[in-house]
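Input: a single structure, listed below in structure tokens.
Number of protein chains: 2
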Amino acid sequence: MKDSVEILCIGTEILLGNIVNTNSQTISRGLADIGMDLYHHTVVGDNPQRLKEALETAFSRNNIVITTGGLGPTYDDLTKETIANYFGLELEMYEPAREWIISFIERSHRTLTENSLKQAMMPQGCIVMENHNGTAPGAIIEGDGRIAIMLPGPPKEMAPMFRDQVIPYLEKRSGRVLRSHCIHFFGIGESALEYQLHEQMEQMTNPTLAPYAKEGEVMLRVTASATDEQQAEELMQPVIKQLYQQYKDYIYGMDVGDLQTAVVRMAAQKGLTLATAESCTGGYVAKRITDVAGSSVMFHCGIVSYANEVKERVLGVRHETLEQYGAVSEQTAQEMARGVRRVSGAEIGISVTGIAGPDGGTPEKPVGLVYIGVNSDWHSEVLKLNLARNFQNERENVRYLASSNALSLALKTILAKK
Amino acid sequence: MKDSVEILCIGTEILLGNIVNTNSQTISRGLADIGMDLYHHTVVGDNPQRLKEALETAFSRNNIVITTGGLGPTYDDLTKETIANYFGLELEMYEPAREWIISFIERSHRTLTENSLKQAMMPQGCIVMENHNGTAPGAIIEGDGRIAIMLPGPPKEMAPMFRDQVIPYLEKRSGRVLRSHCIHFFGIGESALEYQLHEQMEQMTNPTLAPYAKEGEVMLRVTASATDEQQAEELMQPVIKQLYQQYKDYIYGMDVGDLQTAVVRMAAQKGLTLATAESCTGGYVAKRITDVAGSSVMFHCGIVSYANEVKERVLGVRHETLEQYGAVSEQTAQEMARGVRRVSGAEIGISVTGIAGPDGGTPEKPVGLVYIGVNSDWHSEVLKLNLARNFQNERENVRYLASSNALSLALKTILAKK
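Top line first, the protein sequences correspond to chains L and G. Using my numbering, read the first sequence as starting at 8 and increasing by one per residue. Using my numbering, read the second sequence as starting at 8 and increasing by one per residue.
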């Protein structure tokens with residue numbers, strides 16, 4: 008019978024709605040990537056009886072159960088006990104885990120308590136997974152054609168353990184490796200891309216193409232299944248090459264993570280510096296650029312000129328420009344980009360001015376109207392955009408999309424430099 | 008028997024990890040607020056057989072099942088059919104729903120298809136819930152002591168229907184209303200607060216107190232159950248008053264949402280303006296302030312002085328200060344706060360300078376060392392903080408906590424103004 012998985016998350020805090028269950032999503036996506044069948048998610052609280060019943064239900068319909076949570080030191084962390092009991096196994100002290108826990112607690116200057124060592128008690132004969140980001144080890148129990156994979160609850164501990172230890176374990180079962188690349192698009196909608204690639208996507212079996220939408224961006228994942236990594240790469244390369252040819256104006260990078268990382272890397276590579284002058288985004292563009300470690304080599308200065316007076320005084324936007332065209336105008340955007348270049352000495356000046364809402368819109372200048380300006384020796388322009396999408400959180404949406412468009416224009420300008 | 012609920016979400020996109028299951032969180036939180044017992048979340052794909060089995064499992068352990076998803080127009084939307092069948096009911100055309108759907112589609116300039124009207128087919132005798140944000144109505148079926156509540160999948164349709172129609176329905180069953188207030192703390196850890204209030208929280212039954220941790224902040228929810236809203240308020244007031252007395256240095260507001268909203272509201276109320284000079288946070292403080300609609304009255308200018316040269320040239324930090332003490336120092340923070348006040352003309356200048364990492368740390372100035380400065384006519388000071396927490400995403404963490412501390416210091420300064 009083909010393997011199928013159930014995800015069983017354990018934690019009263021999920022049932023109380025205190026946290027959103029991102030672990031299920033992380034695991035689901037990872038399983039989809041390697042082509043594992045997954046038909047059920049379940050969540051139960053820290054209650055051994057309900058956990059036991061949920062485990063029985065899960066194994067009645069799937070042969071692999073991945074749990075998260077309940078591996079910690081407190082009295083209500085009972086996942087290992089309950090699952091070991093299901094398999095008829097005892098817990099025993101696992102020396103290496105005991106040592107990691109002691110050294111981890113010492114390194115983080117906390118006090119070792121008896122409870123902490125409970126985390127080193129592991130089911131007999133299980134595969135122990137090291138936790139590189141916390142104290143509780145993970146465990147895999149195999150028995151009777153069933154597999155229980157226990158992961159810690161905190162996402163920052165769970166995700167790396169799942170990626171680095173569970174995925175290879177499951178791949179080994181299947182005898183295949185799956186590798187993928189993410190191609191990042193900006194400026195084309197998911198539905199447009201899906202429409203254009205629909206037929207191709209339907210026909211492809213290996214590699215496969217799957218689009219993922221993120222506010223204002225699309226990520227296209229190319230995934231190949233092969234006997235080894237090299238063969239997987241060889242399967243993917245022709246498809247990637249074709250996509251780059253077909254969509255060169257929209258692709259901003261491969262496996263690059265996000266727009267700001269692409270901007271920082273490309274500017275650093277070309278030895279260019281960039282400065283920002285922001286009105287409606289209020290520092291969002293600067294914040295996103297400086298999210299990227301190493302951005303200090305290419306980003307020296309950002310000005311948030313929320314008030315007109317600051318546009319004039321700090322950036323040197325002319326009083327007449329503001330009077331005649333208003334703060335939200337092509338002319339102001341142009342002068343802001345030029346002004347911040349002058350103030351900062353950067354090679355590229357980027358500006359954003361617009362109406363983020365919810366108030367301040369007029370029939371001529373509605374909420375969502377945004378001008379993005381760029382100024383450099385080799386390329387200068389101003390984009391006029393309407394970013395209103397009638398979303399519930401329109402202000403955040405307009406600001407985010409405006410910052411993305413500013414980053415995209417910055418990248419285009421960096422790439423245009425000979 | 009006391010009511011207990013199971014949430015059953017239907018959608019293959021959740022199992023593929025394409026979306027995170029926020030609906031379960033929204034519903035869980037709402038049920039916790041009104042004191043309903045919830046022991047299980049389940050997710051299945053758009054598969055009628057597995058949905059049927061999951062429904063049977065859910066009703067074997069709970070008497071109320073709330074579903075999301077599968078109410079739409081496509082062939083794989085089969086929730087109503089499956090659940091009606093479970094209750095032995097037929098679907099029939101519900102005229103008012105048919106009319107809403109037609110008028111909704113006309114208003115949004117789309118084309119009416121036969122499929123769309125499938126959404127107006129409702130189980131016989133059910134309670135129909137109008138959808139004010141989409142086309143698919145919700146439904147409640149009662150029978151044999153069991154209740155199935157069907158909600159649409161898109162969160163912006165689901166959440167208002169749940170809040171405005173399901174919660175009152177469930178409250179009516181219990182004959183009680185639950186009301187709550189959120190008290191926001193900054194500068195005290197969840198465990199410290201929990202430790203101090205532990206006994207009190209254990210003993211309280213009405214109102215109850217529950218702490219929720221958010222990075223660097225704690226929210227304490229006070230919830231009262233009563234026969235009406237006024238009685239609920241009367242039950243909560245003494246507890247709230249006592250908390251304010253006990254924790255006046257840590258509480259930054261009630262029902263205020265977040266630190267930046269508290270800062271903006273309080274500054275606007277006092278007619279004060281504020282300007283920011285940021286180094287390691289790179290615009291994060293300005294971005295958070297301008298997240299708040301209406302911030303333009305109190306925030307006119309922010310300077311991101313990532314490079315020393317900009318600290319000197321734009322903010323007027325003295326070259327000798329940077330030479331002698333370095334960019335990350337009490338003296339530089341002081342001069343940045345003073346400088347941005349001068350440049351902007353604001354009453355309050357806030358500065359942040361520190362080492363966000365991952366690189367740039369030294370034994371004397373490690374990653375996480377941050378100075379926060381404030382300058383005003385009535386209050387000036389510099390805080391020295393170490394914000395490293397050994398997290399995986401340390402850079403983001405240090406930057407976020409630094410911005411929170413800057414907002415907290417700004418609020419303190421605003422409040423200190425006579």
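Glycine included, C-beta positions come from ideal geometry on N, C-alpha and C.
- Assigned with DSSP and collapsed to three states, residue 345 of chain L falls in helix.
- Residue-level contact by beta carbon fails for residue 69 of chain G and chain L, as no gap is shorter than 7 Å.
- The three-state reading of DSSP puts residue 416 of chain G in helix, counting H, G and I together.
- Listed along the chain, the chain G residues whose CB falls inside 7 Å of the CB of residue 297 of chain L are 289, 290 and 313.
- Scanning L/227, L/293 and L/423 for the CA closest to the CA of residue 308 of chain L turns up L/293.
- Assigned with DSSP and collapsed to three states, residue 153 of chain G falls in strand.
- The three-state reading of DSSP puts residue 137 of chain L in coil, since its state is none of H, G, I, E or B.
- Chain order gives the chain L residues near residue 28 of chain G as 27, 28, 31, 32 and 48, where near means a beta carbon separation below 8 Å.
- Rounded to whole angstroms, residue 411 of chain L and residue 188 of chain G show a C-alpha spacing of 36 Å.
- Between residue 172 of chain G and residue 30 of chain G, the alpha-carbon positions lie close to 15 Å from each other.
- Contact of residue 307 of chain G with chain L is assigned, a C-beta pair being separated by under 7 Å.
- Looking at the DSSP output, residue 261 of chain L bridges to L/190.
- A straight-line Cα-Cα distance of about 10 Å links residue 323 of chain L and residue 315 of chain L.
- Around the Cβ of residue 126 of chain G, a 10 Å sphere holds 16 or more other Cβ atoms; the residue is buried.
- Taking residue 347 of chain L as reference, the option from L/282, L/330, L/394 and L/317 with the minimal CA-CA separation is L/282.
- Taking a Cβ-Cβ threshold of 7 Å, the residues of chain L close to residue 294 of chain G are 289, 290, 291 and 294, in chain order.
- Residue contact with chain G for residue 35 of chain L: present (Cβ-Cβ distance below 7 Å to some residue of chain G).
- An exposed status is given to residue 175 of chain L, since fewer than 16 other beta-carbon atoms sit within 10 Å of its beta-carbon.
- For residue 205 of chain L, the enclosing alpha helix (DSSP H) has its first and last residue at 197-210.
- When CB distances to chain G are screened at a threshold of 9 Å, the residues of the region 355-376 of chain L falling below it are 363, 364, 365, 366 and 367, in chain order.
- Beta-bridge analysis with DSSP links residue 47 of chain G to L/51 and G/13.
- In chain order, 307, 308 and 351 make up the part of chain L whose C-beta sits under 7 Å from the C-beta of residue 317 of chain G.
- Of all alpha-carbon atoms in G/52, G/124 and G/85, the one lying nearest the alpha-carbon of residue 104 of chain G is that of G/124.
- Beyond the five residues adjoining it in sequence on each side, residue 119 of chain L comes within less than 7 Å, by CB distance, of 109 and 112 in the same chain, given in chain order.
- Annotation for residue 391 of chain L: the continuous beta strand (DSSP E) segment containing it runs 388-393.
- With respect to chain L, the C-beta atom of residue 219 of chain G has a partner C-beta closer than 7 Å.
- Chain L has no Cβ within less than 7 Å of the Cβ of residue 348 of chain G.
- Residue-level contact check: residue 22 of chain L touches chain G, since one or more beta carbons of chain G fall below 7 Å from its beta carbon.
- Counted as a single uninterrupted DSSP element, the alpha helix (DSSP H) harbouring residue 291 of chain L occupies residues 291-298.
- Nearest C-alpha to residue 131 of chain G among G/165, G/69, G/320 and G/94: G/94.
- Beta-bridge annotation (DSSP): residue 162 of chain L is not paired with any residue.
- Residues of the region 50-66 of chain G with a C-beta less than 8 Å from any C-beta of chain L: 50, 51, 52, 54, 57, 60, 61 and 64, listed in chain order.
- For residue 45 of chain G, the nearest beta carbon of chain L is closer than 7 Å to its own beta carbon.
- Counting only Cβ-Cβ distances below 7 Å, residue 324 of chain G has no contacts in chain L at all, with the closest Cβ about 13 Å away.
- Taking C-beta atoms as the reference points, residue 180 of chain L and residue 66 of chain L fail to come closer than 7 Å.
- Of the candidates L/380, L/246 and L/88, L/380 places its Cα closest to the Cα of residue 413 of chain L.
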